[in-house]
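Encoded as structure tokens, the structure appears first; notes follow it.
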Amino acid sequence: MTIPFFGDTMFIPSDVVAAWAFTIILGIFMTIYVLKKQKLPLIWSYMRTTNHRKIGTLYVLFGVLFFLRAGVDALLIRLQLAQPHAEFWVFQQDKYNELFTTHGTMMIFFVAMPLLIGLMNIAVPLQIGARDLAFPFLNAVSFWLFLAGAILFNMSFFFNSAPNAGWTGYAPLSTDTFTPDVGNDYYVFSLQVSGLGTIFTAINMIVTIIRHRAPGMKLTKMPLFPWSALITSFLILVAFPVLSMGLYLLMFDRMFGTGFFSGEVGNPVFWQHLFWIFGHPEVYILALPAFGIFSDIISTFSKKSIFGYPAMVLSLALIGFLGFMVWAHHMFTVGLGPMANTFFAITTMLIAVPTGIKIFNWLFTMRGGVIRMTTPMLFSLGFIPTFVMGGVTGVMLSVAAANFQYHDTHFVVAHFHYTIIGSTILGIFAGLYYWYPKFTGKVLDETLGKWHFWLFLIGFHMTFLPMHITGLQGMPRRVYTYSYGDSLFVLNLTSTIGAFIMGSSMLFVAWNVYKTHKYGEKVGNDPWDGRTLEWTVESPSQEHTFEPMPIVKEMDPYWYAKVEGRNLETTTNNRPAPIAVETIKPLLIAVSLSIMSIGMIYSWYWMAVLGGLSTFVLFIIRSVTDERKKDYREEAESNE
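Convert by adding 797 to the 1-based position in the sequence shown; the result is the number in our numbering.
The structure is reproduced here in structure tokens:
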């Protein structure tokens, strides 16, 4: 579409025009709704909150929003591939490159990560008896940095400058020599800003779990979801700084003429090493929290303690450790040599062992149990065969000689989605249904939840199972067309139909949320007959929980207290708790870093300096002020 602009003519693709129109119309409706329902005070409160439940709720809300946005990208990809020589809308050539880049980046960094972190925020403090995360202010900074990075990334599309080098950002394609526009600069800075927030979250989780457990709760008595959050946080502390280093070097290559990944001295393989040293631990950063969610849900709805608890903890640790020893299995075809390929093939096969231990332990937990087929349990059961299928294809890909044939085909795409959707997304859905009462006070409708589960699972297998076959038949990934002679039409059409069945399942989620909040009744502390401490507090959880603090003497303390007909033992002599206060500074810090990033992207260095100085000033203000003084004063007055 061409638009006259001050005597000149601008060309704006119709998909960008449609996005602007949809966003403006939606914004008008949302503004009317907020003003009509008088929601401004609530929004203002959430903008300043540092409470773990409220921040977790914000992570979930925006994670779901970006999930819908990235899901639309997936449907557009499938429409373009539905038939040979298709020319759906504008999504061919470079537009198609932007499409799969945006889809992959959004799903990994701005959907899976925030949804898992949101569930950690909501559930982990409650499960270990903590009143909040160790650093509530830092927790708020983490969320706003994530959101700032996500908004920055999405801005690129609205300005017709979306990244187009794939979610992996492979050099030299991502350098300014081959992609000179600003799209991949958006990629660099948005991931830097949001990644910084993720690192802060990891620090917060580690300190909270190590220092703020309830009295008597040793690490050996801790539920498996906090265990998975703890190990995941250590993985983040190692992996995300490596990604940051790679992004910094790419920034210098793109903006200041260095040659880390190109030229006579540089090498694009350096980028692959840096990215996959981050990227493969990232797979387990996404999967391990889901493993913890499944463990707690399967235990609850089987009415049994988790089978082989020490082995489950050890396998989590082993998966985390081995996750740093397999990165080059993504690079079998770059010429590392037979010794390197053999080493990484063996370590890739080894990592299947602790994963297999977990699968059998979940099955043995259910064996002999009293199983209740709730929606969270269905998602947990759907995960097991789905993830096993993804694991089997992972072992196939670990054979270096075979990998030469599978590499860069739809077979790899199918494997990746079987492992990530099969673990992370199914785990997120299970966790959201399971802990929904803890951040809303209501239980989602079971019938609609089961419709969501079956449509999503059937659609998922219809989408990605045929892609194994198209990959084996030689269909490359990242291509927007194919011919009738390739015999791929029926399989691709099946995948497209499956993708739309998956998409339609989200309509049941939307109706479920609306129906639940319109007609659903408030539930009590323990709607699932749970086993762990989060089911002892109100639904939704209040800002001052565990008063008095429970004393933990065994695994699943709440369950055994109910079975034995007694109350949990409590104490008032416990560690001082973090204080969640309201402050606007975390949001301002994120805004300042966003301003600096936009200035760097467009080489408006005055703006970059202004954003940097604002951030520095906010750091100084934060260092010399303490928002908690008012709470300290009120507490002192109440004790007098």
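Here a beta-carbon is modelled for each residue, glycine too, at the ideal position from N, C-alpha and C.
For clarity, every value in this text was computed on a predicted model and none was experimentally measured.
- Comparing C-alpha distances from residue 898 to each of 969, 962, 853 and 907 shows the shortest one belongs to 962.
- Sequence-distant partners of residue 845 (beyond 5 residues in either direction) whose C-beta falls short of 7 Å from its own C-beta, in its chain, are 1379, 1380 and 1381.
- Residue 838 carries a helical assignment under DSSP once its states are collapsed to helix, strand and coil.
- Counted as a single uninterrupted DSSP element, the stretch harbouring residue 1285 is not any alpha helix (DSSP H), since DSSP gives it neither H nor E.
- Between residue 1002 and residue 921, the beta carbon gap of about 7 Å places them in contact (Cβ cut-off 8 Å).
- Take residue 1341, set aside five residues on each side of it, and the residues of its chain with a beta-carbon closer than 8 Å to its own are 928, in chain order.
- Looking from the CA of residue 918, the closest CA among 1232, 842 and 1054 belongs to 1232.
- Inside the stretch 988-1056, DSSP marks whole alpha helix (DSSP H) runs of 4 or more residues at positions 1021-1053, from first to last along the chain.
- No residue range can be given for residue 932, since it is assigned to no alpha helix (DSSP H) and is classified by DSSP as neither H nor E.
- Secondary-structure assignment with DSSP links residue 917 through no beta bridge to anything.
- Distance between residue 1306 and residue 1253, taken at the CA atoms: about 11 Å.
- For residue 873, the enclosing alpha helix (DSSP H) has its first and last residue at 849-877.
- Separation of the CB atoms of residue 915 and residue 853 is rounded to 5 Å, and the pair is thereby assigned contact status at 8 Å.
- By the Cβ neighbour-count rule, residue 975 is exposed, with fewer than 16 other Cβ atoms within 10 Å of its own.
- Membership of residue 1244 in the alpha helix (DSSP H) is indicated by the continuous run 1243-1269.
- The DSSP-derived three-state label of residue 846 is coil.
- Per DSSP, reduced to three states, the secondary structure at residue 1346 is strand.
- Counting along the chain, the unbroken alpha helix (DSSP H) around residue 1138 starts and ends at 1135-1147.
- Contact between the stretch 939-959 and the stretch 1109-1127 is absent, with fewer than three C-beta pairs closer than 8 Å.
- The C-beta of residue 1130 has fewer than 16 other C-beta atoms within 10 Å across all chains shown, which makes the residue exposed.
- Distance from residue 1053 to residue 1067 at the Cβ level is roughly 17 Å; contact not present, criterion being Cβ atoms closer than 8 Å.
- Separation of the CB atoms of residue 1260 and residue 1296 is rounded to 5 Å, and the pair is thereby assigned contact status at 8 Å.
- Per DSSP, reduced to three states, the secondary structure at residue 1173 is helical.
- Taken atom to atom, the span from the alpha-carbon of residue 1006 to that of residue 1027 is near 7 Å.
- Shortest Cα-Cα distance from residue 1076 to any of 1167, 885 and 992 involves 992.
- Three or more beta-carbon pairs separated by less than 8 Å link the stretch 1274-1283 to the stretch 1196-1211, which places the two stretches in contact.
- Residue 1423 counts as exposed, since fewer than 16 other C-beta atoms from the protein chains shown sit within 10 angstroms of its C-beta.
- A check of alpha carbon separations from residue 1249 across 1308, 1201 and 1219 identifies 1308 as the nearest.
- Per DSSP, reduced to three states, the secondary structure at residue 1367 is strand.
- Counting the other CB atoms within 10 Å of its CB gives residue 939 a total of 16 or more, which places it among the buried residues.
- Shortest Cα-Cα distance from residue 1103 to any of 1157, 1344, 905 and 1290 involves 1157.
- In the three-state DSSP reduction, residue 1324 falls in the coil class, being neither helix nor strand.
- Contact between residue 1358 and residue 1365 holds, since their C-beta atoms are separated by about 5 Å, short of 8 Å.
- Its chain contains 1052 as the residues whose beta carbon lies nearer than 8 Å to that of residue 1400, once the 5 sequence neighbours on both sides are disregarded; these appear in chain order.
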